[in-house]
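Quick notes on the structure that follows.
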Amino acid sequence: MSKTNTLPQSPFMTIEEVLAVTGYRNRPTLYAQIANGFPAPVALGPLRRNGRASKVAWVRAEIEQWIADRIAAPRHLDRKGQQQPA
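Next up, the structure:
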């Protein structure tokens, strides 16, 4: 008999998980997308002297909603990748 994992899924995601589900390749790209509406991480650990959090994570529900929004968004691209007139 194999044991199944019955622990609830964490409400937080690590940067590695976020990169894996979004397809972004690296941290700088991911952080640059925050300016374009991508969900920002939340601070989990204490702040360092520079004012940044020592530990951050993304809220799973926010990432899942962002993905759902991308899937539901209109797709008005032609074969050459140019936007078609509306």
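Taking my numbering, the leading residue of the sequence shown gets -8, the next gets one more, and so forth.
Quick reminder that beta carbons are idealized off the backbone N, C-alpha and C, glycines included.
Would you give the residue range spanned by the alpha helix (DSSP H) that Ala125 belongs to?
Outside the shown range of the chain, which is -8 to 77, sits residue 125, and nothing can be said about it.
Would you identify the three-state DSSP class for Leu(-2), choosing helix, strand or coil?
By one-based count along the sequence shown, residue -2 stands at place 7. Residue state, collapsed to three classes: coil.
Indicate the three-state DSSP secondary structure (helix, strand or coil) for Ala31 in the structure shown.
The residue given as residue 31 occupies position 40 in the sequence shown. Three-state DSSP puts Ala31 in coil, outside helix and strand.
Measure the alpha-carbon distance for Thr(-3) versus Glu55 and round it to whole angstroms.
By one-based count along the sequence shown, residue -3 stands at place 6. By one-based count along the sequence shown, residue 55 stands at place 64. Rounded to whole angstroms, Thr(-3) to Glu55 spans 21 angstroms at the Cα level.
Would you check if the distance between the CB atom of Ala122 and the CB atom of Ala44 is smaller than 7 angstroms?
Nothing can be reported for residue 122, as the shown portion of the chain is limited to -8 through 77.
Write down the C-beta distance between Val50 and Pro2 rounded to the nearest angstrom, noting that I regard them as a contact closer than 8 angstroms.
Here residue 50 corresponds to residue number 59 of the sequence shown, with the count starting at 1. Here residue 2 corresponds to residue number 11 of the sequence shown, with the count starting at 1. Yes, they are in contact, since the Cβ atoms of Val50 and Pro2 sit about 6 angstroms apart, within 8 angstroms.
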